[in-house]
Amino acid sequence: MASISVIETIRKQIASCESQLRDLRQQLAEAEHQHQQREQERMRQDSSIDPLTHDMSYGIHDDFRSEVFAALSHTEEDYSAPKRWPLDMSEYKRYGRQLILSGIGLQGQLRLKNASVLVIGVGGLGCPAAAYLVGAGVGTIGLVDGDIVEESNLHRQILHSTSRVGMSKVDSARVFLSSLNPNVAVVPHISRLAPESAISVVESYDMVLDCTDTPASRYLISDTCVLLGKPLISASALKLEGQLMTLNNPPLPPGDSRGGPCYRCIFPKPPPPESVLSCGDGGILGPVVGVMGVLQALEAIKVLTKDPGTLAPEHVNPEPPTLLIFNGYGNPMFRSIRLRTRKPRCAACSSQASITSEALNSGSLDYVQFCGSVSPVDALSANERISVDNYAKLRSHINPFTGMEPSKDSHILVDVREKVQFGLCSLEGSVNIPFSKVVSTSLNMSNVQTSGPQEPGWVSELKGIPDRPIFVVCRLGNDSQITVKKMKELGLDQGGQRWIGDIKGGLKAWREKVEPDFPDY
Amino acid sequence: MASGKSPLGHFSILYFAAASTFTGKSTEHLPAPVLARNLFTSLEQLYPGIVDKVLSSCAVTVNLEYIDLDGEDTPQLELMIKEGDEVAIIPPVSSG
Numbered sequence: 001m002a003s004i005s006v007i008e009t010i011r012k013q014i015a016s017c018e019s020q021l022r023d024l025r026q027q028l029a030e031a032e033h034q035h036q037q038r039e040q041e042r043m044r045q046d047s048s049i050d051p052l053t054h055d056m057s058y059g060i061h062d063d064f065r066s067e068v069f070a071a072l073s074h075t076e077e078d079y080s081a082p083k084r085w086p087l088d089m090s091e092y093k094r095y096g097r098q099l100i101l102s103g104i105g106l107q108g109q110l111r112l113k114n115a116s117v118l119v120i121g122v123g124g125l126g127c128p129a130a131a132y133l134v135g136a137g138v139g140t141i142g143l144v145d146g147d148i149v150e151e152s153n154l155h156r157q158i159l160h161s162t163s164r165v166g167m168s169k170v171d172s173a174r175v176f177l178s179s180l181n182p183n184v185a186v187v188p189h190i191s192r193l194a195p196e197s198a199i200s201v202v203e204s205y206d207m208v209l210d211c212t213d214t215p216a217s218r219y220l221i222s223d224t225c226v227l228l229g230k231p232l233i234s235a236s237a238l239k240l241e242g243q244l245m246t247l248n249n250p251p252l253p254p255g256d257s258r259g260g261p262c263y264r265c266i267f268p269k270p271p272p273p274e275s276v277l278s279c280g281d282g283g284i285l286g287p288v289v290g291v292m293g294v295l296q297a298l299e300a301i302k303v304l305t306k307d308p309g310t311l312a313p314e315h316v317n318p319e320p321p322t323l324l325i326f327n328g329y330g331n332p333m334f335r336s337i338r339l340r341t342r343k344p345r346c347a348a349c350s351s352q353a354s355i356t357s358e359a360l361n362s363g364s365l366d367y368v369q370f371c372g373s374v375s376p377v378d379a380l381s382a383n384e385r386i387s388v389d390n391y392a393k394l395r396s397h398i399n400p401f402t403g404m405e406p407s408k409d410s411h412i413l414v415d416v417r418e419k420v421q422f423g424l425c426s427l428e429g430s431v432n433i434p435f436s437k438v439v440s441t442s443l444n445m446s447n448v449q450t451s452g453p454q455e456p457g458w459v460s461e462l463k464g465i466p467d468r469p470i471f472v473v474c475r476l477g478n479d480s481q482i483t484v485k486k487m488k489e490l491g492l493d494q495g496g497q498r499w500i501g502d503i504k505g506g507l508k509a510w511r512e513k514v515e516p517d518f519p520d521y
Numbered sequence: 001m002a003s004g005k006s007p008l009g010h011f012s013i014l015y016f017a018a019a020s021t022f023t024g025k026s027t028e029h030l031p032a033p034v035l036a037r038n039l040f041t042s043l044e045q046l047y048p049g050i051v052d053k054v055l056s057s058c059a060v061t062v063n064l065e066y067i068d069l070d071g072e073d074t075p076q077l078e079l080m081i082k083e084g085d086e087v088a089i090i091p092p093v094s095s096g
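First to last, the sequence lines map onto chains A and B. FYI, the numbering for the first sequence is 1 to 521, going by UniProt numbering. FYI, the numbering for the second sequence is 1 to 96, going by UniProt numbering.
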């Protein structure tokens, strides 16, 4: 087993190095080509002096001649310093389709070229956002991410590729981006944004895109942007929905009520940690998060190409900021909500702000604690739990508790994953009672009578088979414990007569220790 | 999403993200009028636990406009949600 995975890893590394090498060769070729073109252009300019040289070579005194040459060469230097065309020839061609838009034009393109944007998170949002910004010719793009590319990222994180699984997301994105547009400087920051380093990382950029995936990073990035006066384009997506906001725009100092609201103004309280779902737990559709990332790039271009004159205080806030809500399966798909102005007592952007650069730099602001964290569930005692190994024995050999031979009807195996996941793969003979159903079953419905009229079907069905032990399994082994507790509270253990317990570590442990062929989704 | 006009004497309420998961609905119609300050209490009666688990961190909008319900002295607590209004419950989504 081990050696196969080692071989596989090395293969992947070779493939990824080869693709990097290919990319570097291509970049080299492009750079050489550009260099050559520039040389040729210079040669043409040099040769154009020839007739003058010819004229000056005859019948003129040497001293005078050298004086004239000196003057000429001097003016020639002055002449070449302000270039005739502000963009390179190749840039007119590359950006032609957007240059001719009235909202962009030459000034807009030059503003993009002189701008630097920090993309924090190079995942489902950051990939499309960075691709469009690099494509549009933003001068410098910084990429912040500490993760490596995984196979389960590829359906939505469009800068990465199968051959680059295992590479850092930042490096993988650089391969794609520098081959897309070699004119753009891509600056790597291969680590997660930390409070202590946030200011030093963000400082040198003009604008920030929040493409991260946790509440803690959202508050940290918003606070940093307020402290440094950077506009922030914040987006998020989960399942089939997304949100987009342009925050701290205009980025006026804390206390100036004409500045744009920050993340804390809109969402002063973080969501309860147990309600926070990751894309791994809740799921995400590629185009849904893609739409949100593309919209971030659009908002960024709008802000960057805006005439700076309109940012002067007298022009501030011609239209209030909005929160755009996207529901991929909704009708309508988009809803635009008019947001509030800065919150008068916001902890970050009001005159009473308590968040300072010093506090951030010293690391005394604990964002993870502010947002709370979920510790693994540990709700059951040892005799209410069974290991996957023992459960496997129970299924194939002898019941370790009763010493009985296995039979199909010896026990009930309840799988509490949601219906869709149960449909993907399940253990033979298991019954699906989705966790959401378990949680929403209220206690007073069932405890009073043996089978009240309001009792949900699953409770009465389990009560109908009172003698068989119940084993509860889920994906990771947390929901199963909560379910066991709930079943006992509902009286399904017949006052202790019937054994109810959970399978430790869930189907993940089952795959790791018992059945390697069980799908890992 | 079955939006559209709410029946007489009702306003419509839209649930997004975690609010939709908790209620099991994306939209419904509730009796109007309701004072903004009492909105969460009436939702708690319909969906026990929703205030702590969802609403406390949500943005609330009335007719596509954000209303501030944070703190005891915000004027929008006195806003009357009227018949035909559209209220939205918008939990922060943080993944990406």
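Don't be surprised by glycine CBs; every beta carbon is placed ideally from N, CA and C.
Taken in chain order, the whole alpha helix (DSSP H) runs of length 4 or more contained in the region 257 to 328 of chain A are 263 to 266, 279 to 282, 286 to 305. The alpha-carbon separation between glutamine 36 of chain A and serine 179 of chain A amounts to approximately 19 Å. In this structure, the alpha-carbon of glycine 229 of chain A lies about 13 Å from that of threonine 356 of chain A. Under the Cβ distance rule, leucine 77 of chain B does not count among the residues neighbouring chain A, no pair being separated by less than 8 Å. By the neighbour-count criterion, in which a residue is buried when 16 or more other Cβ atoms sit within 10 angstroms of its Cβ, cysteine 17 of chain A is exposed.
Between valine 187 of chain A and glycine 142 of chain A, the CB-CB gap stays under 8 Å. With 16 or more other Cβ atoms inside 10 Å of its own Cβ, aspartate 206 of chain A counts as buried. Under a criterion of Cβ atoms nearer than 7 Å, no residue of chain A is adjacent to valine 60 of chain B; the nearest Cβ is some 10 Å distant. With the criterion set as a beta carbon lying under 8 Å from some beta carbon of chain B, the members of the region 338 to 358 of chain A are Arg338, Leu339, Arg340, Lys343, Arg345, in sequence order. According to DSSP, residue pairing for threonine 27 of chain B in a beta bridge involves B/Leu14. Segment contact: the region 255 to 269 of chain A against the region 55 to 68 of chain B, three or more CB-CB distances shorter than 8 Å; contact assigned. With respect to valine 439 of chain A, leucine 413 of chain A sits apart: the two C-beta atoms are not nearer than 8 Å. Taking a beta-carbon distance threshold of 8 Å, aspartate 52 of chain B counts as an interface residue toward chain A. The three-state secondary structure of tyrosine 66 of chain B, taken from DSSP, is strand.
According to DSSP, residue pairing for arginine 385 of chain A in a beta bridge involves A/Asp502. Contact note: glycine 96 of chain B reaches chain A through Gly121, Gly123, Gly124, Leu125, Cys211, Thr212, Asp213, Ala235, Ser236, Ala237, Val289, using a C-beta cutoff of 7 Å and chain order. If you draw a straight line from the Cα of tyrosine 391 of chain A to the Cα of histidine 397 of chain A, it comes to about 10 Å.
Those residues of the region 34 to 53 of chain B placed with their C-beta closer than 9 Å to a C-beta in chain A are Pro48, Asp52, Lys53, ordered along the chain. Counting of Cβ neighbours within 10 angstroms places serine 152 of chain A among the exposed residues, the total staying below 16. Using a Cβ distance threshold of 8 Å, isoleucine 301 of chain A and valine 208 of chain A do not count as a contacting pair. Along the region 88 to 149 of chain A, the alpha helix (DSSP H) occurs as fully enclosed runs of 4 or more residues at 89 to 94, 96 to 99, 105 to 113, 126 to 136, listed in sequence order. Under the Cβ distance rule, glutamate 28 of chain B does not count among the residues neighbouring chain A, no pair being separated by less than 8 Å.
Short of 8 Å from the beta carbon of cysteine 262 of chain A, and not among the five residues preceding or following it, lie these beta carbons of its own chain, in chain order: Ser222, Asp223, Cys225, Val226, Leu232, Leu247, Asn248, Arg342, Cys346, Ala348, Cys349.
For serine 442 of chain A and serine 191 of chain A, the gap between their C-alpha atoms comes out near 45 Å. The DSSP-derived three-state label of proline 332 of chain A is coil. Residue range 241 to 247 is occupied by the beta strand (DSSP E) that includes threonine 246 of chain A.
Per DSSP, the unbroken alpha helix (DSSP H) holding glutamate 44 of chain B starts and ends at 36 to 46. Here methionine 487 of chain A carries a helix assignment [DSSP, helix/strand/coil]. Chain order gives the chain A residues near glutamate 65 of chain B as Ile337, Arg338, where near means a beta carbon separation below 8 Å. The Cβ atoms of glutamine 109 of chain A and tyrosine 132 of chain A lie no closer than 8 Å to each other. Here phenylalanine 471 of chain A carries a strand assignment [DSSP, helix/strand/coil].
According to the DSSP assignment, glutamate 196 of chain A belongs to the alpha helix (DSSP H) that extends over 195 to 202. Counting every other CB atom within 10 Å of its CB across the protein chains shown gives glycine 495 of chain A a total below 16, marking it as exposed. Nearest Cα to cysteine 127 of chain A within the set A/Ile100, A/Arg218, A/Arg498, A/Gln157: A/Gln157. Under DSSP, no beta-bridge partner is assigned to glutamate 18 of chain A.
Judged by DSSP secondary structure, leucine 220 of chain A falls within the alpha helix (DSSP H) whose first and last residues are 215 to 228.
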